[in-house]
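Take any residue in the sequence shown, note its place counting from 1, add 177, and you have its number in my numbering. Here the structure comes first, spelled out in structure tokens, and everything after it is commentary.
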Amino acid sequence: MLVSHAPANTHASFDEEHLVAYAGLVPAMRLAERCGLAALVGEHVAIADRLGVNAPLKIGSIVAGMLAGADSIDDLDTLRHGGMGTLFDGIRAPSTLGSFLRCMNWGNVRQLGKVSRMLPARLAAHTPLLPGAGTVAFLDVDSTQKRTYGYAKQGTGFGHTKIQGKSVLVRGLNVLASVLSTPLAAPVITGTRLRGGKANSARGATLRRHLICVPARIARHGRGHITLHLPRHWRWQSAWMNVFDAVHDPPPTLVA
């Protein structure tokens with residue numbers, strides 16, 4: 178048996194209004210509602226631009242699109258295929274979501290970062306996010322780079338990397354991230370922050386506190402051991418104290 182048409186002359190469409198291609202979004206978005214994603218966005222994200230109205234609905238649409246495999250603004254149109262409009266309310270068009278993303282400033286990105294730091298702790302309260310955390314948890318904070326090839330990509334910078342054993346400067350997105358895992362659980366990204374590619378590992382005390390304390394609070398209910406792995410040149414003593422304060426509630430301050 179042979180295919181009767183050339184690949185260039187063939188395309189697939191999904192236009193049956195009674196069928197749904199991504200039924201798995203129903204429990205995923207239900208979990209997001211239980212964890213209060215919309216409430217967190219409404220409380221902590223304030224966009225002054227008129228295109229920033231209904232931020233909880235638009236953020237929810239973007240999250241759902243990413244879960245469905247969208248890796249660009251145009252791909253968010255998958256949320257409007259078939260019977261998705263029957264299952265979900267408040268779905269926005271890709272053009273609307275693109276305008277919403279472009280109207281955000283640096284402060285709005287920091288606000289979204291706060292939401293992303295608070296949500297994993299709520300996920301851990303509703304799901305077995307980190308089985309085995311009661312015994313031991315591994316917290317790894319390290320930098321990584323996602324190489325980019327265009328000149329119009331925002332947030333990129335030149336950073337050091339090794340290619341075939343040689344240290345070179347390449348353009349890309351330079352990210353400092355914290356990852357929490359256990360012997361029984363897959364790694365969970367608990368915090369990320371873009372920074373300059375030439376930034377040294379010891380830069381940013383406030384950044385260190387966000388990346389360390391947030392995952393420590395996620396694992397706090399287990400009361401197990403936490404193994405911390407940090408880049409070079411970090412202040413190990415202060416990092417360990419941050420973890421200790423996050424896992425074990427510090428004593429109240431006594432005022433004479």
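For glycine and all other residues, C-beta sits at the position ideal for the given N, C-alpha and C.
- No residue range can be given for V197, since it is assigned to no beta strand (DSSP E) and is classified by DSSP as neither H nor E.
- The beta carbon of Q288 sits closer than 6 Å to those of H221, V222, all from its chain and outside the five residues before and after it, given in chain order.
- Secondary structure at K323: strand, using DSSP grouped into helix, strand and coil.
- With fewer than 16 other CB atoms across the displayed protein chains lying within 10 angstroms of its CB, R324 is exposed.
- Minimum Cα-Cα distance from V292 among the listed residues V197, L361, A232 corresponds to A232.
- Between G242 and D252, the gap from beta carbon to beta carbon is short of 8 Å.
- Under DSSP, L357 takes part in a beta bridge, and its partners are L316, V365.
- With respect to the 8 Å criterion, Q322 and G336 are classified as neighbours on the basis of their beta carbons.
- Fully contained in the segment 242-292 are the following alpha helix (DSSP H) runs of length 4 or more, in chain order: 261-264, 271-279.
- The alpha-carbon of L306 is positioned some 8 Å away from that of A362.
- Annotation for G334: no alpha helix (DSSP H) segment contains it, though the beta strand (DSSP E) segment containing it runs 334-340.
- Distance from N351 to G373 at the Cβ level is roughly 7 Å; contact confirmed, criterion being Cβ atoms closer than 8 Å.
- DSSP, read as helix, strand or coil, puts N186 in helix.
- Taking a contact as a CB-CB distance under 8 Å, the pair G259 and L196 counts as one, their CB atoms being some 5 Å apart.
- Per DSSP, V230 is not a residue of any alpha helix (DSSP H), being assigned neither H nor E.
- R348 carries a strand assignment under DSSP once its states are collapsed to helix, strand and coil.
- By the CB criterion at 8 Å, G332 and L371 fall inside the cutoff.
- L274 is positioned such that its CB atom lies no closer than 8 Å to that of K330.
- According to the DSSP assignment, P204 belongs to the alpha helix (DSSP H) that extends over 202-211.
- The three-state secondary structure of R372, taken from DSSP, is coil.
- Annotation for L217: the continuous alpha helix (DSSP H) segment containing it runs 214-221.
- In this structure, S355 sits near V318, with a CB-CB distance shorter than 8 Å.
- The beta-bridge partner set that DSSP reports for H402 consists of V313.
- Within the model, the alpha-carbon separation for R207 versus N186 is close to 39 Å.
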